[in-house]
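Working notes, structure below.
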Amino acid sequence: MLKLHNKEFKPFISTKEIETVIQEMVNEISQDLGDEVPVFVGILNGSFMFTSDFVKKYPKPCEVTFIKLASYEGVKSTEDIQRLIGLTQDLTGRSVIILEDIIDTGNTLAEVHRIFKNENVKQLKIATLFYKPDAYKKDFKIHYVGIKIPNKFIVGYGLDYDGLGRNLPEIYQIKETQFMTNLVLFGPPGAGKGTQAEFLKEKYNLVHISTGDVFRFNIKNETALGMLAKSYIDKGELVPDQVTIDMLEAEVEKNSSANGFIFDGFPRTNAQAEALDKLMESKDSSINAMIALEVEDEILVKRLVERGKTSGRADDADEAIIRNRITEYYKKTAVLKDYYSAQNKYYGVDGVGSIEEITKRLSAVIDKL
Ligand code: IMP
Ligand code: MG
0 MLKLHNKEFK PFISTKEIET VIQEMVNEIS QDLGDEVPVF VGILNGSFMF TSDFVKKYPK
60 PCEVTFIKLA SYEGVKSTED IQRLIGLTQD LTGRSVIILE DIIDTGNTLA EVHRIFKNEN
120 VKQLKIATLF YKPDAYKKDF KIHYVGIKIP NKFIVGYGLD YDGLGRNLPE IYQIKETQFM
180 TNLVLFGPPG AGKGTQAEFL KEKYNLVHIS TGDVFRFNIK NETALGMLAK SYIDKGELVP
240 DQVTIDMLEA EVEKNSSANG FIFDGFPRTN AQAEALDKLM ESKDSSINAM IALEVEDEIL
300 VKRLVERGKT SGRADDADEA IIRNRITEYY KKTAVLKDYY SAQNKYYGVD GVGSIEEITK
360 RLSAVIDKL
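Given below as structure tokens:
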């Protein structure tokens with residue numbers, strides 16, 4: 000992981016990959032140019048490393064020069080391109096190859112074309128090491144592309160974030176979901192999970208994802224995933240983990256600007272916990288903690304019997320059923336306690352006391368994450 004100013008970046012493209020790609024570009028371009036002695040024009044500042052490594056590999060005589068343009072502020076492209084150093088030599092009749100580190104919106108490229116419009120060059124070709132097709136808004140042909148990348152900010156290998164990162168020999172990509180707090184909330188039936196989730200979600204501006212609710216929502220709204228899940232449920236089969244994970248992923252994506260998530264009712268198995276880790280990783284995030292509300296069995300039984308008197312829930316009515324649910328809970332979640340303990344992410348919290356007291360205990364854990 001890499002931190003520049005206030006942003007975090009993760010490794011994206013290695014030095015080795017860059018080298019391989021540049022060699023391929025050199026091969027292609029030198030073949031196309033034949034015996035022509037080209038003028039390579041690097042666009043400063045970003046392309047100093049690319050230009051240097053490119054021309055070192057170039058197998059035949061060539062000239063190298065630079066122009067200096069600037070358009071970026073922080074991590075956002077601006078329309079306004081400044082020409083800081085223009086062309087300093089006559090290029091009439093020459094084959095000019097522009098060497099760009101990256102083409103994003105194409106604004107810089109438009110300025111390059113303006114610069115060369117009246118230069119009477121024999122040919123003008125554009126070569127870029129990195130290209131963001133989803134950001135590109137122009138029609139200019141890009142003749143040689145090293146690597147197509149997603150529309151996410153990168154640094155390294157000449158590219159900077161507010162001045163920093165140009166010196167890094169490899170490429171890093173910005174982390175999308177920075178500084179999220181993601182919790183897995185656990186507790187036996189009657190521990191007060193639902194009540195506490197409501198408080199935590201308010202206090203920390205988190206999105207509460209209860210798998211039960213997500214299932215009901217998808218089935219009720221007949222989403223593709225909902226119908227798929229229903230087809231298993233109707234046959235009396237368990238819904239495969241992947242279907243559940245896909246539903247959770249959709250929820251996470253719907254709320255991608257959230258401060259974090261409270262997962263409730265998921266994971267229930269080791270395989271699911273691993274799948275959830277993978278999902279969070281694909282979002283540049285992770286589960287920060289599994290918090291389990293701990294309440295003694297006898298107190299749970301008492302609470303649930305009380306609740307059964309008013310809730311009308313059949314599974315709250317019978318003490319034997321209640322005890323069985325509690326036993327089942329511990330049997331099933333023991334593996335998860337181990338899973339998260341192994342990552343130092345398990346936090347047991349005393350779930351006996353007033354609602355405010357318990358919220359305070361939970362907050363104490365979250366504030367330290
Ligand atoms: P364009 O004018 O939008 O095509 O952007 C080109 C210039 O913006 C590049 O030469 C870089 O200086 C800068 N730029 C675009 N994308 C990135 C990025 O992901 N990281 C760092 N600089 C970038
Ligand atoms: Mg540039």
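Numbered per numbering that gives the first Met the number 0, the sequence shown spans residues 0 to 368. Ideal Cβ placement from N, Cα and C applies to all residues, glycine included.
Among S51, E201, S284 and E327, which has the Cα closest to the Cα of E248?
S284
What residue range is occupied by the uninterrupted beta strand (DSSP E) comprising E381?
Since the first residue shown for the chain is 0 and the last is 368, residue 381 is missing from the structure and cannot be characterised.
If I measure Cβ to Cβ from L158 and keep anything under 7 angstroms in the same chain, skipping five residues before and after, which residues do I get?
G45, D100, I101, G164 and R165
Count the CB pairs spanning the stretch 211-224 and the stretch 331-342 that are closer than 8 angstroms, and state whether there are at least three.
no
Taking contact to mean 3 or more Cβ pairs, one atom from each stretch, closer than 8 angstroms, check whether the stretch 104-123 and the stretch 137-144 are in contact.
yes
Is the number of C-beta pairs between the stretch 14-26 and the stretch 39-57 that are closer than 8 angstroms three or more?
yes
Helix, strand or coil at N150 according to DSSP, with G and I counted as helix:
coil
3 or more residues per run - each beta strand (DSSP E) lying fully within the stretch 171-240
180-185 and 206-209
Does DSSP put T64 in a helix, a strand or coil?
strand
Bridge partners of Q81, per DSSP?
A69
Excluding five sequence neighbours on each side, which residues of the same chain lie with their C-beta closer than 8 angstroms to the C-beta of N269?
V334, L335 and Y338
In the DSSP assignment, find the alpha helix (DSSP H) that holds Q22 and state where it starts and stops.
T14 to L32
As a quick exercise: from A190, L368 and T64, pick the residue whose alpha carbon is nearest that of A288.
The residue with the shortest Cα to Cα distance from A288 is L368.
So is L83 buried or exposed if we call it buried at 16+ other beta carbons inside 10 Å?
exposed
If you draw a straight line from the C-alpha of M179 to the C-alpha of N204, how long is it?
11 angstroms
Check the C-beta distance from G191 over to I357 and give it rounded, since I have them as a contact under 8 angstroms.
7 angstroms
Which residues mark the beginning and the end of the beta strand (DSSP E) in which A126 is found?
For A126, the enclosing beta strand (DSSP E) covers residues Q122 to Y130.
G264 versus A272, A257 and N258, residue with shortest Cα-Cα distance:
A272
Are the beta-carbon atoms of I146 and L128 separated by less than 9 angstroms?
yes
Any idea which residues DSSP pairs G347 with across the strands?
Assignment of beta-bridge partners to G347 by DSSP yields A291.
Which listed residue (L361, A291 and I28) has its alpha carbon closest to that of K200:
L361
Alpha-carbon to alpha-carbon, G352 and E16:
57 angstroms
If you measure between the beta carbons of Y57 and V25, is that distance less than 9 angstroms?
yes
For G259, list the residues DSSP reports as bridge partners.
T180
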